[in-house]
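All remarks here apply to the structure that follows.
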Amino acid sequence: MTKTPPGLPLRDYAAIGDGRTVALIAQNGRVDWLPLPNLDSLPVFARLLDEKTGGCVELQPVDDFDSSRRYIERTNVLETIFTTKNGVARVTDAMVTGVAGRLPWAELARRVDGIEGSVEFTWRVTPGTMLGTRSPWLDRVGDHTIIRCGELSMAVVGTDHSPATADPTSSGPAQLHGRFTASADSRHLIVLTATEGEPLRVPDPRRVDTGIDRTIASWLSWSEEFSYDGPWAEQVQRSALALKLLIFSPTGAIAAAATTSLPENPAGGKNWDYRFAWIRDLAYTAHALVWFGLREETHAAISWLLRTIREQSPDIYVMYTLDGATCAGVEKYDVPGWRGSSPVVTGNPAQGQLQLGIYGDLIAISRTYVDDGNLLDVETARLLAKVADKACDDWRKRDAGMWELGEDEHYTSSKMGCWQALTDAVALAEGAHIEGDVIRWRAERDRIRKWTLEHCWSEELGSYVMYPGSARLDASVLLHAPSGFDRGARMSSTIDALTAELGEGSLLYRYSGVASEEHTFVACAFWRVSALACVGRHEEAVSAMDELVTQANDVGLLAEMVAASDGAFWGNLPQGLSHLALVSAALTIKELAPEETTDGK
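In terms of full-length UniProt numbering, the sequence shown opens at residue 1 and continues consecutively.
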């Protein structure tokens, strides 16, 4: 493989992280995305969105090369093997963690081990303009050349990395660079360390070398706590590790994805920032964490969510920032975007929408937590009772639906979500976990179900429709096979109708008419698998699952969307909802399918 041209395919990227931020590394060894110090910070390395001035961290052979890569098994530490005509070398990339967990500063470590022959490497650290809002510069302090960008301070240290002498007075781009040659059994280290608005920690490279091994051991220790023994174990494990990257450890919040503004279609326009915590996505993630027996992350996520909702009351918002604030709105930046697909934005317009389905998500995850043997505090119990009361009233309203559409309607999946909220509220009340008007909750739950069955079903189409009176179909109703709203003939028929109209092989579009605007939505395809298992169509579920797990890239990551024509990734990545849907499908099949349908997987 020769040096790769600009605008790399999104499938080219692998992700590493430290519980505070995520770096995306291309197959050619270039870090094209790394917000510092936090995942939702303006990215100082954002070549992914701004080819010319976005900034990146480069490390690759000088000569033409082939590369192959993998995660070290059961970790989020990446290994890339570079092969040139003269030799072979291995690069190990890690966001280093400390003895007690996440470091209080960011530390990207890149270790180069010579395997055979000799490989000359070049490296370069070029800070970006933070989406055109800052101008980076070099600052000489003692023996170190410091990169400054706004309040961010960065240094580069290493062992045998042959740094060139930096000139802070140069009018060229602010960057640090160097060259070295890896030979058999040699070791070179390049370390980028960063802080924001505080003193800069400049580490001893030898300790960072040890820190890489400690980081590997920490990931292995975490994976030992992970409990899943079933079909597609490798893909489920990798999805769990991908989800772990999206957990913001300072608060326990869970980001929907690691990036912003990656387009959902070539024409651009549908470019959103997913570095927020959606109630829906966090609830789904917490369900998976409970299934896996991961107690610390589950408690942190649920506690953060409930505390945040109470602090931001009386309204319940669709999403929150990773530190628990409400979102400030959308800001656009004058940079070109990935392959020229604009706009590039921070923020998300879904903030102020009414989405009734989140009532069901919130109470469902609370019930899952209780069913796992935990207890609710008094304030949480009061909050959930209030949410149940809101569901009794609000289900009659039009809302924006799960897909955050601009036109409010009586979306079918929203009504099903309110039914789920009251079903779980009744169960919590019957277990003496919350107090409220249970008689009302039961009556309204049954009323919602009757109304939905009467108004949201089309005999002509043999399917639940998107909203009453519509002929459009919506894949989000598939979520309510696992919820228990319908696991019978109507849901089975709906699966067939959705497959016929929205399906592309094992893939699925979100709703009618959207194929002209975007690509297939990965999560929807896995929801179809779960629904098939719920209605007893086990062999079909297994067959579709076998096809879908091959949609991941070479290191097992999934984006938001996949182009049915060529398998290209679209939308933000790694996408939590995609990995969650994979996990849920595997767990549902394991729970419901006869053993003979999953043997050997």
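Note that the Cβ used here is the ideal one computed from N, Cα and C, for glycine as well.
- By a beta-carbon distance limit of 8 Å, Pro343 does not contact Asn265. Their separation comes to about 13 Å.
- A direct Cα-Cα distance of roughly 10 Å separates Trp451 from Met416.
- Under the three-pair Cβ rule at 8 Å, the region 391-403 does not count as touching the region 328-346.
- Counting the other Cβ atoms within 10 Å of the Cβ of Val62 gives fewer than 16, which makes it exposed.
- DSSP places Tyr13 outside any beta strand (DSSP E), giving it a letter other than H or E.
- Here the alpha carbon of Asp204 sits roughly 23 Å from the alpha carbon of Gly29.
- Around the beta-carbon of Trp137, fewer than 16 other beta-carbon atoms lie within 10 Å, marking it exposed.
- Rounded to whole angstroms, the gap between the alpha carbons of Gly98 and Leu478 is 42 Å.
- For Glu234, the uninterrupted alpha helix (DSSP H) run begins and ends at Ala233 to Leu245, by DSSP.
- At a Cβ-Cβ threshold of 8 Å, Ser584 and Phe526 count as neighbours.
- Residue pairing by DSSP places Trp33 opposite Leu24 in a beta bridge.
- In the three-state reduction of the DSSP assignment, Pro250 falls in the coil class, being assigned neither a helical nor a strand state.
- Residue pairing by DSSP puts Cys56 in a beta bridge opposite Thr126.
- Pro205 carries a helical assignment under DSSP once its states are collapsed to helix, strand and coil.
- Under the DSSP assignment, Met154 falls in the beta strand (DSSP E) whose first and last residues are Leu152 to Thr159.
- For Leu78, the closest alpha carbon among the candidates Leu243, Val96 and Phe65 is that of Val96.
- Taking 3 residues as the minimum length, the region 279-311 contains no beta strand (DSSP E) run wholly inside it.
- Between Ser135 and Thr126, the C-beta spacing is not below 8 Å.
- In the DSSP assignment, the residues bridged to Gln575 are Ala257.
- Assigned with DSSP and collapsed to three states, Phe526 falls in helix.
- Cβ-Cβ distances below 7 Å link Thr215 to Val77, Ala94, Val96 and Thr97 in the same chain, with the five nearest sequence neighbours on each side left out; the list follows chain order.
- Of the candidates His188, Thr321 and Val370, His188 places its Cα closest to the Cα of Arg206.
- Secondary structure remark: continuous beta strand (DSSP E) runs of at least 3 residues inside the region 66-103, in chain order: 66-71, 78-83 and 87-95.
- For the pair Val290 and Tyr369, the CB atoms are nearer than the 8 Å cut-off.
- Contact between the region 139-148 and the region 106-121 is absent: fewer than three C-beta pairs spanning the two stretches fall below 8 Å.
- Rounded to whole angstroms, the Cβ separation of Leu322 and Asp40 is 5 Å, and the two are in contact under 8 Å.
- Rounded to whole angstroms, Arg90 and Leu282 show a C-alpha spacing of 36 Å.
- Counting along the chain, no alpha helix (DSSP H) covers Leu375, and no H or E run does either.
- Gln60 is the residue among Trp222, Gln60 and Met154 whose C-alpha sits nearest the C-alpha of Val112.
- Counting along the chain, Gly178 sits inside the beta strand (DSSP E) bounded by residues Leu176 to Ser183.
- For His188, the enclosing beta strand (DSSP E) begins and ends at Arg187 to Glu196.
- Shown here, Glu107 sits in a strand according to DSSP, grouped into three states.
- Spatial neighbours of Val330 in its own chain (CB-CB distance under 6 Å, excluding positions within 5 residues in sequence) are listed in chain order as Val345, Gly347 and Pro349.
- Counting the other CB atoms within 10 Å of its CB gives Thr165 a total below 16, which places it among the exposed residues.
- Here Ala288 is buried: its Cβ has 16 or more other Cβ atoms, across all protein chains shown, within 10 Å.
- In this model, Glu379 and Ile363 are separated by some 14 Å (Cα to Cα).
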